[in-house]
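Worksheet: the structure to be examined is printed underneath.
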Amino acid sequence: MSIQLTRNFSIIAHIDHGKTTLSDRLLETTQTVSMRESQDQQLDSMDLERERGITIKSHPVTMDYIGKDGKTYQLNLLDTPGHVDFSYEVSRSLAACEGALLLVDAAQGVEAQTVANVHLAHEADLHVIPVINKIDLPNADVPAVKKQLEDILAIPAEEAIEASAKMGLGIEDILDAVVDRISAPEQPADDILRASVFDSVFDAYRGVVSYVRVMSGEVKRGSGIKMMATGKTYEVKEVGVFTPKQTKRDTLKAGDVGYLIANMKTSSEVKIGDTITESRNPSEDPLPGFKEIQPMVFSGIYPVTTDDFEQLKLAMGKLQINDAAFSYQAESSTALGFGFRCGFLGLLHMEIVQERLRREFNMDVISTYPGVVYKVKLNNGEMIEVDNPTYLPEPQLIDEILEPTVTVYIMTPNEYISDMMKLVAEKRGQLVNTETLDSHRVLLTATLPLNEILVDFNDRLKSMTRGYGSMDYEHGEYQAGNLVKMDIMIAGEPVDAFSVIVHRDKAEYRGRHLAGKLKDVIPQQLFVVAIQATIGGKIIARESISAMRKNVTAKCYGGDISRKRKLLEKQKEGKKKMKAIGKVNIPQDAFIKVLKTD
């Protein structure tokens, strides 16, 4: 098919604005999927995606559509995730496209993530087609949404297409707009093969399956290819497109989006953003890659039984291949044994990775409390990065600790402004700007430490605004903070798995909270066990587990009282000795209970 009849586009939107439903309708309208095979969430292949109703991975699909001019066009669609944690998936998909459908909910209007995705599309120099979805809802307000498109996103309202993906309204108009408004891929200057890898998955039977966008030249079965990042050469075993299942093709030409299987055995052989070229006639320069994604949240992941360490290592290697933002390195803990320090983009990303380890690889894992990367300036002027509280230098060696901040954009109805301001202040944030969007919504811009928004910020925002608030964030500068390392000591012994870096003002609350939890899960001993939260040797919180009482006088029936006293004195001596040398063995399930519920 001629490159002039190819269109590459993706669908971008806020969470739950109907991306996946629209892609289902497009597949049915173009008869890519017959009505008999059709199901909801057609492109969501993971069980996790279907259960949660969210898209985690971008999914490409090729459709044939007969335009108004009678010509058959090849439309390559990439459905993208909407959640802020997966915005790197969106940026990778946009790099393989010439245009994007921007979906906006007719009832909810423009949300925080909508704005972020439009910026991503403009950065990638894509033509954006606005689509107002869900016009069949009783509370849909199309004129208000059109005004928001102009005021907030600077997109002309007359360009918007009104549709309902659920009811199948306006689908033909959308397909015609894709053909008319989105330009065909550029005609390549030469015939040298250049293909960009925008995603990859691991198949247990066929090895690594690379998802590629061919920019120039062509690739077919049996041809020799070279990966420009590693310099390794391979023979192509199979090429094809997604319809939405993998369908073999003879060749992939310039402008096509499809998959490629070569004899790659391990996940480390392919890098997302790499350029594939011919081994005999290679391209001199690689295509511009994607910027390296930096993990922002770190957590230790350990196997519940230490025998599973090697299996966990293999599982993580396979997960990393189709999740470029996930990183891991081996570490050991005196409490939890051997495990990995893992980097994630956010809390949902961390949750998804753990769930995938459990489901796809049958691994039972424990994770430690999530933390961020701190920059520590030492007295000698040296700057080091710390992602694990265990590696924080002694307080007397530290000049200052810098923590990462984020710029958070919060969209909220007017009546919840004061609640949002209190939440930002409570999380050590500063309000930078307040902007009125329309008669009943405002956009708050605030700077907060990343550590503060990790665990419950989004949940609290949703509950305070009764679900009407939304947030998006982008990473900002590092700022100095009054941060300290808090250790938990059990019977005088520090336990590294519970160490955290916290702000000094919140250390006491955090210490009491952790000590209280540990008191409930550590079993009683024959002596009193002290659980203490300490900062540099100073105790800031304490809980005590009372001693288990053994009745040593049970065998004494009557007789002289001095016999009982003698036995009790002997017991007292024994307890004193035990307190001096006794150690508390913390059971594995105590770690699991404390770390999992946190």
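With our numbering applied, the sequence shown has no gaps in its numbers, which climb one by one up to 599 at the end. A virtual CB, placed ideally from N, CA and C, is assigned to each residue, including glycine. On a predicted model such as this, the values are computed, not experimentally measured, just so you know.
Option in the options with minimal Cα separation from residue i
i	options	result
Asp275	Arg250, Phe243, Arg214, Gln312	Arg214
Cys343	Asp365, Phe362, Gly372, Ala166	Gly372
Ser217	Asp257, Val529, Val209	Asp257
Ala255	Gln75, Ile133, His18	Gln75
Phe299	Met490, Ile411, Phe339, Ser368	Ser368
Glu436	Glu332, Leu445, Lys428, Arg429	Leu445
Pro245	Glu401, Glu99, Leu170, Met64	Met64
Asp191	Thr231, Ala263, Thr278, Glu236	Thr278
Ile411	Glu404, Gln355, Val242, Glu475	Glu475
Val210	Val522, Pro414, Tyr260, Asn552	Tyr260
Tyr469	Ile175, Val501, Met421, Val522	Met421
Thr252	Pro296, Leu194, Lys227	Leu194
Leu170	Glu416, Glu29, Lys314, Asn381	Glu29
Val240	Thr307, Pro396, Ala196	Ala196
Ser284	Lys72, Ile523, Pro189, Glu352	Pro189
Asp70	Lys507, Asp177, Met384	Asp177
Glu99	Gln114, Gly110, His123	His123
Leu27	Val143, Lys72, Lys167, Asn118	Lys167
Met384	Glu401, Pro396, Tyr370, Glu395	Glu401
Glu270	Met228, Val522, Ser464, Tyr303	Met228
Val143	Gly110, Pro495, Asp174	Gly110
Cβ pair residue i, residue j closer than 8 Å
i	j	result
Ala108	Asn140	yes
Ala164	Leu103	no
Lys486	Leu398	no
Val132	Arg8	no
His18	Asp106	yes
Gly482	His504	yes
Val305	Ala263	no
Thr466	Thr413	yes
Val425	Leu451	no
Thr234	Gly223	no
Phe339	Tyr329	no
Met472	Val433	no
Ile183	His128	yes
Phe362	Ala316	yes
C-alpha gap between residue i and residue j, whole angstroms
i	j	result
Ser11	His350	22 Å
Asp41	Tyr212	For Asp41, the predicted model reports a pLDDT of 48, less than 50, meaning its position is unreliable and no value from the coordinates is stated.
Ala1	Met265	One cannot answer for residue 1 here, as it falls past the ends of the chain, which runs 2 to 599.
Gln247	Pro61	10 Å
Glu574	Phe528	12 Å
Thr22	Lys135	11 Å
Lys539	Ile153	52 Å
Lys556	Ile562	13 Å
Ala158	Glu151	6 Å
Asn145	Arg442	Looking at the sequence shown, residue 145 is not Asn but Ala. Each residue's Cα considered, the two are about 12 Å apart.
Arg51	Arg281	Bear in mind that the predicted position of Arg51 carries a pLDDT of just 44, short of 50, making it too unreliable to give a figure here.
Ala97	Leu519	50 Å
Val116	Ala101	14 Å
Ala326	Val530	42 Å
Gly493	Ile454	32 Å
Gln480	Asn389	18 Å
Lys147	Ala161	8 Å
Gly208	Lys428	46 Å
Leu515	Ser419	30 Å
Val501	Ala542	14 Å
Leu462	Ser333	36 Å
Ile546	Lys565	26 Å
Ala155	Ser24	25 Å
Val1	Lys319	An answer regarding residue 1 cannot be provided, because it is not within the stretch 2 to 599 covered by the chain.
Asp457	Ala125	32 Å
Asp608	Gly430	The structure shown does not extend to residue 608, since the chain spans only 2 to 599, so no value can be given for it.
Glu352	Leu288	33 Å
Gln321	Asn415	42 Å
Met297	Val387	12 Å
Cβ distance (whole Å) where residue i is taken to contact residue j below 8 Å
i	j	result
Ile536	Ile491	Not a contact, Cβ separation roughly 16 Å.
Pro186	Ile67	Actually they do not touch by this definition, with Cβ atoms about 20 Å apart.
Ala498	Gly512	Actually they do not touch by this definition, with Cβ atoms about 15 Å apart.
Tyr375	Leu403	7 Å
Val198	Ile130	Rounded, the Cβ-Cβ distance is 27 Å, inconsistent with contact.
Met549	Gln572	Wrong, their Cβ atoms sit about 12 Å apart, outside the cutoff.
Gln149	Ile16	The pair is not a contact, with the Cβ atoms about 17 Å apart (cut-off 8 Å).
Residue i beta carbon near the ligand GTP (any heavy atom closer than 7 Å)
i	result
Val485	Absent from the structure shown: the ligand GTP. Ligands present: none.
field: Unbroken stretches of the beta strand (DSSP E), 3 residues or longer, contained in the segment 404-454
entry: Scanning the segment 404-454 for uninterrupted beta strand (DSSP E) segments of 3 residues or longer gives 431-439, 442-450, listed from N- to C-terminal end.
- prompt: Can you give, in chain order, each stretch of the beta strand (DSSP E) that sits fully within the segment 297-335 and has at least 3 residues?
  reply: Within the segment 297-335, the beta strand (DSSP E) runs of at least 3 residues that lie entirely inside it are, in chain order, 298-304, 328-334.
message: Threshold first: 3 residues or longer. Then list the beta strand (DSSP E) segments lying entirely within the segment 238-274, N to C.
response: Scanning the segment 238-274 from its first residue to its last, the whole beta strand (DSSP E) runs of 3-plus residues come out as 247-250, 252-254, 258-263.
message: So within the segment 331-371, which uninterrupted alpha helix (DSSP H) runs reach at least 4 residues, ignoring any that extend past its ends?
response: Taking 4 residues as the shortest admissible run, the segment 331-371 contains the following complete alpha helix (DSSP H) segments, listed from N- to C-terminal end: 348-362.
- prompt: What are the complete alpha helix (DSSP H) segments, minimum 4 residues, inside the segment 497-522?
  reply: The alpha helix (DSSP H) runs lying completely inside the segment 497-522 and spanning 4 residues or more are 505-522, given in chain order.
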